[in-house]
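S.K.:
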Amino acid sequence: MPDLSPGVASAISPLVRRIVAPNAGPMTGAGSNTYLVGVDEIVVVDPGPDLASHLDSIAGCGGDRIRWIVCTHTHQDHSPGVAGLKKRTGAEVLAFDSRDGLEIDTPMADGDVIEATEFVLRAIHTPGHASNHLCFLLEQERMLFSGDHIMEGSTVVIAPPDGDMRAYLASLERLKGIRRRLKSIAPGHGHLIEDPLAKIDEYVTHRLEREAQVLSALEAGPTTIDAIVTALYPGLHDELVPRAAQSVWAHLRKLVDDGLAVGTKPDGKWAAA
Ligand SMILES: [Zn+2]
């Protein structure tokens with residue numbers, strides 16, 4: 002398995018190279034993955050953070066063959082490098098929308114494609130982690146660039162209100178629907194995932210188990226997000242408590258939408274419906 006050292010271009014398939022950004026951390030794993038898709042004409046998927054050494058590595062690897070830059074979503078470890086890479090290459094910038102400091106040239110919606118001489122890259126709208134999240138399917142290799150919709154080695158955070166658990170699960174189900182078109186998943190963090198369906202199933206199962214735990218906590222009587230976090234995540238490190246609280250909040254909002262719970266304020270009381 003090619004390693005995840007930053008700054009090194011690793012070929013992960015005939016058409017795809019990966020360069021990891023030097024931004025390893027608790028939320029980013031080994032760092033953000035930037036992918037270069039194509040040989041004669043290149044799409045860069047997620048330039049990552051605005052780090053000159055990383056952008057120089059991408060430009061050095063793709064040179065003037067970089068024609069397009071796409072972003073899976075506008076979080077700080079994925080899209081701030083766009084402006085610097087555009088300056089270095091003059092490439093066209095495409096994403097779902099201009100947001101969080103990202104300026105795009107062309108919007109991409111569900112089903113939109115980039116047609117290069119050697120391949121087609123198709124956008125799939127997958128809201129959940131972020132409302133503007135896109136995955137990209139490289140049809141020739143049946144490889145899905147999954148951004149932070151699916152990661153390898155770290156947990157996807159669903160942080161309301163832009164993060165939405167109900168949308169997230171629907172987006173995972175949507176990928177199951179195209180499973181015959183998937184051979185591998187190239188995530189925004191971590192190694193290539195060679196068994197896409199097992200990974201997607203694992204993700205759905207994990208979230209539904211957590212949802213059932215949150216629901217049974219409510220069924221014991223009206224309660225708060227803090228109390229649920231204490232009950233469901235025993236011994237959790239203080240630093241990770243806010244993330245767990247966001248996740249519980251996201252589950253509660255889904256349960257309300259499903260008609261199984263009542264509550265509105267993150268710092269208020271929540272109860273079973
Ligand atoms: Zn990320």
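Mind the numbering: the sequence shown is residues 2 to 274 in this note's numbering, read in order. We put the CB at the ideal spot given by N, CA and C, even for glycine.
How about LEU176 and LEU216: do their beta carbons lie closer than 8 Å?
M.R.: No.
S.K.: Going straight from the alpha carbon of ASP111 to that of LEU122, what length do you get?
M.R.: Each residue's alpha carbon lies about 12 Å from the other.
S.K.: For the putative contact between GLY129 and ILE151, defined by C-beta atoms under 8 Å, what is the C-beta separation to the nearest angstrom?
M.R.: Going by Cβ atoms, the distance from GLY129 to ILE151 rounds to 10 Å, so no, they are not a contact pair.
S.K.: Please list, following the chain, all residues that have a C-beta closer than 5 Å to any non-hydrogen atom of ligand 1.
M.R.: Going along the chain, the residues that qualify are ASP78, ASP149 and GLY189.
S.K.: Taking the C-alpha atoms as reference points, what is the distance between ALA273 and LEU193?
M.R.: Rounded to whole angstroms, ALA273 to LEU193 spans 40 Å at the Cα level.
S.K.: Just to confirm my understanding: we take GLU174, look at its own chain, exclude 5 residues before and 5 after, and list those with CB closer than 8 Å. What are they?
M.R.: Contacts found: VAL205.
S.K.: At which residues does the beta strand (DSSP E) containing ALA131 begin and terminate?
M.R.: That residue, ALA131, is in no beta strand (DSSP E); it is neither H nor E in DSSP.
S.K.: Assign SER217 to one of three DSSP states: helix, strand, or coil.
M.R.: Helix, per DSSP.
S.K.: Nearest to VAL74 by alpha carbon, out of ALA131, ASP4, VAL94 and ASP65?
M.R.: The sequence given here has His at residue 74, not Val. Closest option to HIS74, Cα to Cα, is ALA131.
S.K.: Output needed for GLY30: all residues of its chain with C-beta closer than 6 Å, excluding positions within five of it in sequence on either side, in chain order.
M.R.: Cβ within range, chain order: GLY154, SER155, HIS190 and GLY191.
S.K.: Helix, strand or coil: how does DSSP classify CYS136 here?
M.R.: CYS136: strand per DSSP, three-state reduction.
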